[in-house]
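Each number in my numbering comes from the position in the sequence shown (counting from 1) with 2 added on. Cβ atoms here follow ideal geometry from the backbone N, Cα and C, with glycine treated the same way.
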Amino acid sequence: NESASATDSEAKDERETPTSLPRRSPRRSPSTLKNDWNEPVLEAWRKDCVINDAIAELYKVIHKSTGILGGNANGGAIYGEMTKSSFQRVVDAMVEKTGLGEDSVFLDVGSGLGKPNMHVAVQAGVKYSVGVELMPMRWQLSLINLGAALKNVKKLKYKRRPTVGFLEGDISTAKTLDPFSHIYMYDIAFTPMTMQAISVAFNASSTAEYLISYHKPRSIIWTHGFLVNLVSFIPGTSMMGSGEKKTCWIYKKTHSENDKRIDLKIDVLFENTFRILRKSTNSSYKVWLDRKLQTTLYQQEGVNPRPKRFRGKNFYRGCLIPW
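Right, dumping it as structure tokens:
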């Protein structure tokens with residue numbers, strides 16, 4: 003009986019004495035998966051931007067041409083536009099993290115009034131900067147801004163050949179995104195079907211290397227199926243007008259479904275735009291741009307192509323509405 007009572011007391015003491023160490027958070031544990039892979043923690047891009055004289059001149063010309071806040075979203079799709087300083091931060095991050103420069107070919111999906119395309123052409127001096135826009139009115143306004151920039155902005159005015167082009171079309175019809183190396187899209191309001199079509203075209207491209215989006219990695223990689231890895235992100239970018247804050251995410255392609263081909267073929271959606279840019283001089287491109295505007299706008303002295311606001315049916319002063 004004495005031995006049995008001694009055994010019971012020892013078992014009771016063992017139950018009362020804690021044998022395990024206190025639990026630690028897995029994020030603070032030294033044996034996490036991130037540390038096992040020796041991957042550096044991504045830090046947010048928080049460097050201050052500097053607006054040079056060329057960019058200030060560009061935006062001054064654009065604001066004089068189509069106003070400070072454009073888009074003509076009345077009766078159309080949602081329009082999002084970033085402030086000048088916010089997009090300058092994005093451009094600085096692309097130059098440092100993705101090597102955006104003279105050999106890069108830049109695509110803006112949903113280019114709107116064309117500010118990002120001309121900003122990149124002036125700041126980074128890319129080889130080509132092309133924007134595709136679905137809404138006819140915004141595409142027309144981008145041509146007006148481009149014409150004004152070619153006449154008044156020095157860095158675009160004195161180039162031998164044009165580097166900026168805009169086209170009206172649906173990006174979901176593109177099979178690939180060749181020959182672009184950097185794809186930028188303010189995709190907050192893009193539909194899932196559009197994102198899926200862009201993902202298929204991006205993965206099938208042999209030249210597309212970087213994707214700049216405003217969707218989080220979980221949405222880009224897992225939901226929409228882009229073959230990318232996260233490179234960096236820029237928090238706190240502001241929208242024009244509302245001041246709403248968004249985070250810009252920069253991704254790099256992991257691999258391509260098609261190897262880089264020597265006989266690279268441009269997708270049909272962009273073929274005509276590149277043909278005009280490559281065969282035109284700066285002076286002949288201005289003539290072509292003026293003729294293009296004459297087919298879509300009423301040319302009247304002192305007429306502003308921005309919408310006239312009044313109650314009733316939508317009316318665009320000085321513009322022909324194709325639909």
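- The C-beta distance from VAL233 to LYS99 rounds to 5 angstroms, short enough to fall under 8 angstroms.
- Close CB contacts of SER87 within its chain, under the 6 angstroms cut and outside five residues either way in sequence, are with CYS51 (chain order).
- Annotated three-state conformation of TRP251 is strand, per DSSP.
- In terms of Cβ geometry, LYS254 and TYR186 do not form a close pair [threshold 7 angstroms].
- A buried status is given to ASN205, since no fewer than 16 other beta-carbon atoms sit within 10 Å of its beta-carbon.
- By the neighbour-count criterion, in which a residue is buried when 16 or more other Cβ atoms sit within 10 angstroms of its Cβ, ILE70 is exposed.
- Here LEU109 is actually not in contact with HIS217; their C-beta atoms are around 17 angstroms apart, not less than 8 angstroms.
- At a Cβ-Cβ threshold of 7 angstroms, GLU135 and GLU170 count as neighbours.
- For HIS184, the enclosing beta strand (DSSP E) covers residues 184-187.
- Considering only ILE53, LYS153, ILE64, LYS129, the residue with the shortest C-alpha distance to LEU143 is ILE64.
- Pairwise C-beta distances place the region 119-135 in contact with the region 167-181, as three or more of them are shorter than 8 angstroms.
- Rounded to whole angstroms, the gap between the alpha carbons of VAL97 and ALA126 is 7 angstroms.
- Under the 10 Å beta carbon count, LEU179 is surrounded by 16 or more other beta carbons and is classified as buried.
- According to the DSSP assignment, ILE214 belongs to the beta strand (DSSP E) that extends over 212-215.
- Straight-line measurement puts the Cα of GLY133 at about 21 angstroms from the Cα of LYS66.
- Taken through DSSP and simplified to helix, strand or coil, SER106 comes out as coil.
- According to the DSSP secondary-structure assignment, TYR130 is paired through a beta bridge with VAL107.
- Between LEU102 and ASN147, the CB-CB gap reaches or exceeds 7 angstroms.
- The C-alpha of PRO237 is placed about 10 angstroms away from the C-alpha of GLU45.
- Assignment of GLY101 by DSSP, reduced to helix, strand and coil, places it in the coil class.
- Judged by DSSP in its simplified three-state form, PHE276 adopts helix.
- Non-local C-beta neighbours of PHE89 in its own chain, meaning closer than 8 angstroms and more than five positions away in sequence, comprise LYS117, PRO118, HIS121, THR239, ordered along the chain.
- When DSSP states are grouped into helix, strand and coil, GLY116 belongs to the coil group.
- Judged by beta-carbon spacing, LEU229 lies within the 7 angstroms limit of THR256, meaning their Cβ atoms are closer than that value.
- Distance between LYS129 and LYS161, taken at the CA atoms: about 12 angstroms.
- Annotated three-state conformation of VAL52 is coil, per DSSP.
- Within the DSSP bridge table, the entry for ASN231 names LYS254 as partners.
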